[in-house]
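Notes follow the structure.
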Amino acid sequence: MVVNKITNKELIDKVGIIGLGSVGSALFKHLSNFYNVSGYDIIGNYNWNDILKCPVSFICVQTPGDRNGRLDCNHVEDTLQKLASSNYSGVIIIKSTLGVGFMENVTSKFPELRIVYSPEFLREKSALEWTANPDRLVFSGKEDDVREALKIYSWATGVDIIITDYRSAEIGKLAHNAFIATKVSFTNTMENIAARGRGNIDDIMKIVYTDRRVRNMAHLTPHLGAFGGKCVPKDTMELMNAFSSESLLFKADFVVNETVKSNMKNSTTDKGIPDSDNYGEHR
Numbered sequence: 124m125v126v127n128k129i130t131n132k133e134l135i136d137k138v139g140i141i142g143l144g145s146v147g148s149a150l151f152k153h154l155s156n157f158y159n160v161s162g163y164d165i166i167g168n169y170n171w172n173d174i175l176k177c178p179v180s181f182i183c184v185q186t187p188g189d190r191n192g193r194l195d196c197n198h199v200e201d202t203l204q205k206l207a208s209s210n211y212s213g214v215i216i217i218k219s220t221l222g223v224g225f226m227e228n229v230t231s232k233f234p235e236l237r238i239v240y241s242p243e244f245l246r247e248k249s250a251l252e253w254t255a256n257p258d259r260l261v262f263s264g265k266e267d268d269v270r271e272a273l274k275i276y277s278w279a280t281g282v283d284i285i286i287t288d289y290r291s292a293e294i295g296k297l298a299h300n301a302f303i304a305t306k307v308s309f310t311n312t313m314e315n316i317a318a319r320g321r322g323n324i325d326d327i328m329k330i331v332y333t334d335r336r337v338r339n340m341a342h343l344t345p346h347l348g349a350f351g352g353k354c355v356p357k358d359t360m361e362l363m364n365a366f367s368s369e370s371l372l373f374k375a376d377f378v379v380n381e382t383v384k385s386n387m388k389n390s391t392t393d394k395g396i397p398d399s400d401n402y403g404e405h406r
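The sequence shown begins at 124 in the working numbering and counts up one residue at a time.
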């Protein structure tokens with residue numbers, strides 16, 4: 124279900140944020156314009172009891188990829204366990220990226236907790252700007268809990284609100300980054316085709332992204348190399364490994380990506396630039 128605006132303007136006075144990395148820090152700074160915000164992180168001097176006093180708390184801890192290409196959501200589950208052990212009664216909004224089926228598991232394990240999954244879509248390089256100006260907001264959870272979570276976003280006027288089930292929110296978040304990976308791999312493939320076919324890659328891609336059905340040059344700009352960063356590779360890998368038999372496209376994305384990174388590494392090394400594992404990972 125898509126809602127064009129948030130109609131409930133009732134504000135909440137205190138908000139907690141657990142995990143102060145890129146997502147949590149940006150959320151902390153932005154929400155401080157509207158609420159009394161308490162932060163908590165394992166690094167630093169923070170008071171857990173401040174979180175317990177907040178009627179709504181966000182979980183923004185990391186879910187890194189593991190050696191099997193799956194998301195490690197243990198930090199999220201450990202945080203939920205700590206909230207449950209503390210008899211927390213507020214609404215919990217998880218912003219961390221999750222594996223498919225995680226929410227069904229933890230809502231069964233912690234039935235007393237009021238958990239809403241609302242995946243984050245910000246760009247790390249401009250996290251605060253994307254937090255303040257989201258393209259859409261996604262929520263999944265029990266109706267009363269989602270309604271309570273929506274109150275926090277009364278400042279988000281004119282933003283599409285998508286209310287869905289847990290699995291659709293989980294897959295949708297992963298699909299978003301997998302689509303970015305596919306767009307980047309498509310562009311890199313076209314760059315190779317243009318070179319072999321003696322075409323002008325800049326003109327070719329302009330022909331693609333100026334179509335009204337595309338109308339966005341993001342990730343379709345040539346010469347920028349492979350996809351990389353903290354989120355796109357691990358989220359695409361999670362989706363690929365969770366649904367291996369349906370993921371031939373994503374497997375091809377990684378084949379293209381590794382080739383591009385190898386070619387860029389060889390090119391820069393030949394020019395006397397020090398070796399690095401990060402060539403081309405600036406999408």
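Ideal Cβ positions, reconstructed from N, Cα and C, are used throughout, including at glycine.
Sheet register partners of residue i (DSSP bridge)
i: Leu273; result: Partner(s): none; Leu273 has no beta bridge.
i: Tyr163; result: Ile141
i: Tyr240; result: Ile217 and Ser263
i: Ser180; result: Gly139 and Ile215
i: Gly188; result: Leu194
Contact check, residue i vs residue j, beta carbons under 9 angstroms
i: Asp136; j: Gly147; result: no
i: Phe233; j: Ala250; result: no
i: Phe181; j: Leu150; result: yes
i: Ile141; j: Val184; result: yes
i: Met313; j: Ile303; result: no
i: Val223; j: Val199; result: no
i: Gly139; j: Val160; result: yes
i: Ala255; j: His153; result: yes
i: Ser263; j: Thr287; result: yes
i: Phe377; j: Met363; result: yes
i: Ser308; j: Asn380; result: yes
i: Val261; j: Asn300; result: no
i: Leu143; j: Gly162; result: yes
i: Leu245; j: Pro257; result: yes
i: Tyr289; j: Tyr240; result: yes
i: Leu236; j: Ile215; result: yes
Anticipated Cβ contact below 8 angstroms, residue i with residue j, distance rounded
i: Ile275; j: Val179; result: 6 angstroms
i: Asp358; j: Pro345; result: Contact flag wrong, Cβ pair sits at about 24 angstroms.
i: Ala292; j: Pro242; result: 6 angstroms
i: Ser145; j: Thr186; result: No, Ser145 and Thr186 are not in contact; Cβ-Cβ is about 13 angstroms, not under 8 angstroms.
i: Lys384; j: Glu247; result: Contact flag wrong, Cβ pair sits at about 19 angstroms.
i: Thr305; j: Leu372; result: 6 angstroms
i: Phe225; j: Cys196; result: 5 angstroms
Unbroken alpha helix (DSSP H) run spanning residue i, endpoints
i: Val229; result: Phe225 to Lys232
i: Ile135; result: Ile135 -> no alpha helix (DSSP H), and no H or E assigned at all.
i: Tyr332; result: Ile324 to Tyr332
i: Val282; result: No alpha helix (DSSP H) contains Val282, which DSSP labels as neither H nor E.
i: Thr202; result: Asn197 to Ser208
i: Asn364; result: Val355 to Ala365
i: Thr344; result: Segment: none, Thr344 is in no alpha helix (DSSP H) and carries neither H nor E.
i: Leu245; result: Counting along the chain, Leu245 falls outside any alpha helix (DSSP H), and DSSP gives it neither H nor E.
i: Glu252; result: Ala250 to Ala255
i: Asn172; result: Trp171 to Leu175
Segment limits, beta strand (DSSP E) that includes residue i
i: Arg290; result: No beta strand (DSSP E) holds Arg290; the alpha helix (DSSP H) holding it covers Tyr289 to Gly320.
i: Leu260; result: Arg259 to Ser263
Taking contact to mean 3 or more Cβ pairs, one atom from each stretch, closer than 8 angstroms, check whether the stretch 330-339 and the stretch 280-299 are in contact.
no
Could you tell me whether the stretch 185-194 touches the stretch 165-173, where touching means 3 or more Cβ pairs closer than 8 angstroms?
no
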